[in-house]
Every structure is written in structure tokens, then in C-alpha cells.
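Colleague: Take this structure, written in C-alpha cells, and hold onto it; I'll ask about it next.
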Amino acid sequence: MDKKELQKLKKELLVEKANIEKMLGEFTTENPTIKGDYKSHFHSADQSDTSDEKAHSVTDSEQERAVEQNLELRLREINETIKKIDENAYGVCEKCSSPIDVRRLKVIPVAKFCLDCAKKVKLL
Ligand SMILES: [Zn+2]
């Protein structure tokens, strides 16, 4: 990948990062960066759904936690990938240090391993 493509990718990652942080902000009340900002977690616009939501409250909170964990995982991947772009280490396999196929990176921009290593990691 050339520099231009990398910068474009970084920009896309930064946008996704901002979106995820925003979504996470709606889930978590303990956000040290916006202390005391609890009022924003009331979704007054969603009140029409409450009767439906009450019946599924347990499932919903479990689902919410799963979504939150996924978002956090995704956020970590994105942060690691942005760091790699900044350090000119992007697209290198973390396991065998060989370059990752560009076609693979186009499909999975946050890929850490080359295809061979990814297969081995999955087998472990
Ligand atoms: Zn590898």
C-alpha cells in the first residue's frame, strides 16, 4: 500500500473510532473524560419503546454488554492499526514479520497476521 492509501485508511479508521467511542459513551456511565455527564444517557426520545423493552430487559442488558464488548474489541484493533500506520509498521505480520497480502488488508484492514499465520492461530 502506498502512503496515499495508508492516509485514506487512517482517516477511515479515525472516523470509525469516533463512532465507536460515541456508541460506547451511550452504554457506559463511567466515562472519566465526560465526568458528571450522566444526564445525556437518558434517551427521552426512546420512550415509545419502553413497554416492549420491559419484557426483554434481561436479554437486552446481556445483549448490550455483548455489543459493548465487541465495540471495545473493535476499538482496540483500530487503535493498534492506527499506531502501526503512524510507526510505518502497517501491513506486517505480527508473527512472522512478512508483509501481509494487500488484497487481505483491503478486506480486513485491521489484520494482524498474514494468511498463513492467521490459519495457524485459528488452529491453536
Ligand atoms: Zn505471518
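Numbering that gives the first Met the number 0 applies: residue 0 is where the sequence shown begins, and numbers increase by one.
Think of the CB as a built atom: it goes at the ideal place given N, C-alpha and C, for glycine as much as any other residue.
Being a predicted model, the structure only gives us computed values, none of them experimental.
#1: Quick check on Ile107: buried or exposed, where buried means 16 or more other Cβ atoms within 10 Å of its Cβ?
#2: Given this structure, state the Cα-to-Cα distance separating Asn18 from Asp1, to the nearest angstrom.
#3: Does DSSP put Val109 in a helix, in a strand, or in coil?
#4: With the cut-off set at 8 Å, would you say Thr80 and Leu12 are in Cβ contact?
#5: Apply the 10 Å Cβ neighbour rule to Cys113 and answer buried if 16 or more other Cβ atoms are within range, or exposed otherwise.
#6: Under 8 Å Cβ to Cβ from Lys7, same chain only, skipping five residues before and after it: list those, please.
#7: With distances taken between CB atoms, is the gap from Glu15 to Ile77 smaller than 8 Å?
Modeller: Quick look at the numbers:
#1: Working through the sequence shown from its first residue, we reach residue 107 at position 108. When all chains shown are included, Ile107 counts as exposed.
#2: Here the question's residue 18 lines up with position 19 in the sequence shown. Here the question's residue 1 lines up with position 2 in the sequence shown. Asn18 and Asp1: Cα-Cα distance of roughly 26 Å.
#3: One-based indexing of the sequence shown puts residue 109 at position 110. The answer is coil: DSSP assigns Val109 none of H, G, I, E or B.
#4: Position 81 of the sequence shown, counted from the first residue, corresponds to residue 80. Position 13 of the sequence shown, counted from the first residue, corresponds to residue 12. For Thr80 and Leu12, yes; Cβs fall inside 8 Å.
#5: Your numbering for residue 113 matches position 114 in the sequence shown. With 16 or more other Cβ atoms within 10 Å, it is buried.
#6: Here the question's residue 7 lines up with position 8 in the sequence shown. Counting only Cβ-Cβ distances below 8 Å, and skipping sequence neighbours, we find nothing.
#7: Working through the sequence shown from its first residue, we reach residue 15 at position 16. Working through the sequence shown from its first residue, we reach residue 77 at position 78. Result yes, Cβ atoms of Glu15 and Ile77 sit closer than 8 Å.
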